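First up is the structure itself, then whatever we jot down about it.
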Amino acid sequence: MTVLVITLAVYQLAFTQESDSTQKKSQTFTISGGVDGYYRYDFNNPKVAPYNSFTSFTRSSNSFELGMASLRADHSFGKVSATIDLGFGTRAEEFAYNDANTRFALKQLYVSYAPASAIKFTLGTWATHIGYELLDPWLNRNYSMSYMFTNGPFTHTGLKADISLGGKSAFMVGVSNPTDYRSAPAMPKSFIAQFSTGSKNDKVKAYFNFLAGKQTDYRKVVQGDIVAIFTVSDKFSLGVNGTLQSAKLDLDSNGKFTSNHWEGGALYLNFDPVSWFGLTVRGEYIRDNDELLGLKNVFAPTLSMNFKVNNLTIIPEFRYDNAGNSVFYKNANETTKSTGSFILAAVYHFNRDW
Numbered sequence: 002m003t004v005l006v007i008t009l010a011v012y013q014l015a016f017t018q019e020s021d022s023t024q025k026k027s028q029t030f031t032i033s034g035g036v037d038g039y040y041r042y043d044f045n046n047p048k049v050a051p052y053n054s055f056t057s058f059t060r061s062s063n064s065f066e067l068g069m070a071s072l073r074a075d076h077s078f079g080k081v082s083a084t085i086d087l088g089f090g091t092r093a094e095e096f097a098y099n100d101a102n103t104r105f106a107l108k109q110l111y112v113s114y115a116p117a118s119a120i121k122f123t124l125g126t127w128a129t130h131i132g133y134e135l136l137d138p139w140l141n142r143n144y145s146m147s148y149m150f151t152n153g154p155f156t157h158t159g160l161k162a163d164i165s166l167g168g169k170s171a172f173m174v175g176v177s178n179p180t181d182y183r184s185a186p187a188m189p190k191s192f193i194a195q196f197s198t199g200s201k202n203d204k205v206k207a208y209f210n211f212l213a214g215k216q217t218d219y220r221k222v223v224q225g226d227i228v229a230i231f232t233v234s235d236k237f238s239l240g241v242n243g244t245l246q247s248a249k250l251d252l253d254s255n256g257k258f259t260s261n262h263w264e265g266g267a268l269y270l271n272f273d274p275v276s277w278f279g280l281t282v283r284g285e286y287i288r289d290n291d292e293l294l295g296l297k298n299v300f301a302p303t304l305s306m307n308f309k310v311n312n313l314t315i316i317p318e319f320r321y322d323n324a325g326n327s328v329f330y331k332n333a334n335e336t337t338k339s340t341g342s343f344i345l346a347a348v349y350h351f352n353r354d355w
């Protein structure tokens, strides 16, 4: 009862002090979303799942597939805001692989409060700050995903604070459930952080990302990640992503942890000669000597073409994967260290302010 009284008193005080000024401020409401689908063919003609695709969202061959239908609503009113981001389809289900029932559809769900212009608190589930690539396909120029995206975190559920340091620099710090868990009763928590900065003209941006915590009683993870984006001209830009993940595993539950790690880097070259057409080359290398991912070393160059017709982007894509282990299938039984694939994807996106 005491807690209830205090809570009501604080609420009343806050409401009394801010109601008049808040009501004078305009509300903002935005609806956005998109749909996507694709056809993928692997030139080794594999007959065994995941059809020579060890990265997220394109685990098929010689099949037309639905990606995701996405709908997002953002509302703000003065110092407070809320976001609900829903996804339906294979892409959304893989993204929320630890969840069941209606939580499958929740890509992001959070509320924010900014008591001052330099600080904002957020509570809920949000997409990870780690890495270059994003879940929504219209936010990437390659349709297939990188190994770093697939093996890094997807989401965090917890509480974070975004702090402006002045100019183009900012700092984020937070505490969250274990990676990709929306519900984690009695489970350990993780520490997350990011420092971001950039040039005054926004032509250079850099993000230094960090994650550390016990994911389960038998797995401890520390990951450092760097993303840099360079805008050379209105037609050419490049992105760089490097990551190192260290995992301590207690596989036989005897209390003795064994350290393993993998690291990777990717370069993204983007060229847009005209407004309706663009090219992106992604070159990715993964070093997995401890075979934490089961692949050993991987080199995966990808060429993607982006044909734009209003809100629609058509993406023909060629990809080559070469691994240190024979993890790719050729036909039904034979295995090999490399494979090639082709994707034809269609991505539609919309955005409307109300």
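Under our numbering, read the sequence shown as residues 2 to 355, first letter to last.
Ideal Cβ positions, reconstructed from N, Cα and C, are used throughout, including at glycine.
All values reported here derive from a predicted model rather than from experimental measurement.
- Within the same chain, and ignoring the five residues on either side of Lys121 in sequence, the residues whose Cβ sits closer than 6 Å to its Cβ are Ser113, Ala115 and Asp163.
- Of Thr29, Gly34 and Lys48, the smallest CA-CA separation from Thr336 is found for Lys48.
- Counting along the chain, the unbroken alpha helix (DSSP H) around Phe150 starts and ends at Tyr148 to Asn152.
- For Glu94, the enclosing alpha helix (DSSP H) has its first and last residue at Thr91 to Phe96.
- If one requires a minimum length of 3 residues, the beta strand (DSSP E) runs lying completely within the region 57-87 are 64-78, in chain order.
- Of all alpha-carbon atoms in Asn202, Phe58, Thr103 and Leu110, the one lying nearest the alpha-carbon of Asp75 is that of Leu110.
- Taking C-beta atoms as the reference points, Lys249 and Lys221 count as a pair closer than 8 Å.
- Taking 8 Å as the cut-off, the Cβ atoms of Ser305 and Thr281 count as close.
- CA-to-CA, the gap between Arg183 and Ile193 works out to about 15 Å.
- When beta bridges are read from the DSSP output, Ser339 appears opposite Asn323.
- Under DSSP, the beta-bridge partners assigned to Glu318 are Ser305 and Ile344.
- Under DSSP, Leu166 shares a beta bridge with no residue.
- Trp127: member of the beta strand (DSSP E) spanning Ile120 to Ala128, first to last residue.
- About 6 Å separates the beta carbon of Gly38 from that of Ala347, a gap short enough to meet the 8 Å contact definition.
- Boundaries of the beta strand (DSSP E) harbouring Thr281: Phe278 to Arg288, taken from the DSSP string.
- In the structure shown, Ala267 adopts extended strand secondary structure according to DSSP, grouped into three states.
- Taking 8 Å as the cut-off, the Cβ atoms of Phe308 and Asn271 do not count as close.
- Judged by DSSP secondary structure, Pro116 falls within the beta strand (DSSP E) whose first and last residues are Leu107 to Ala117.
- Partner residues in the beta bridge of Asp226, as assigned by DSSP, are Asn210 and Thr244.
- The secondary-structure analysis by DSSP pairs Arg220 across a beta bridge with Thr217 and Leu250.
- A straight-line Cα-Cα distance of about 22 Å links Phe231 and Glu264.
- For Phe44, the closest of Lys190, Ser327 and Ser339 by C-alpha to C-alpha distance is Ser339.
- Measuring C-alpha to C-alpha distances from Lys161 to each of Gln195, Phe278 and Val223 identifies Gln195 as the nearest.
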